[in-house]
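Please read the structure below before turning to the comments.
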Amino acid sequence: VTNQAIANQATTNQVVANQVATNQVGANQAAINQVANQVATNQVVANQAENNK
1 VTNQAIANQA TTNQVVANQV ATNQVGANQA AINQVANQVA TNQVVANQAE
51 NNK
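Counting with the UniProt record's numbering, you get residues 1 to 53 for the letters of the sequence shown.
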């Protein structure tokens with residue numbers, strides 16, 4: 001195994017690690033969006049309840 005092959009594998013490993021991190025950011029954003037949607041839905045329900053008084 002050459003030093004270049006080792007360096008190439010290290011680079012590939014970093015690219016994979018970066019993609020995993022990017023995927024986690026995407027998953028985190030999806031979770032945040034879901035919470036935001038629920039908050040908005042809750043507000044609509046609260047507004048409707050107030051309107052129905």
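Glycine residues also receive a C-beta, built at the ideal position from the N, C-alpha and C atoms.
Rounded to whole angstroms, what is the Cα-Cα separation between residue i and residue j?
i          : j          : result
residue 13 : residue 35 : 33 Å
residue 51 : residue 41 : 15 Å
residue 23 : residue 31 : 12 Å
residue 8  : residue 21 : 20 Å
residue 6  : residue 33 : 40 Å
residue 1  : residue 15 : 21 Å
residue 44 : residue 53 : 15 Å
Secondary structure, beta strand (DSSP E): runs of 3+ residues fully inside the segment 3-38: Counting whole runs of 3 or more residues, the segment 3-38 contains no beta strand (DSSP E) stretch at all.
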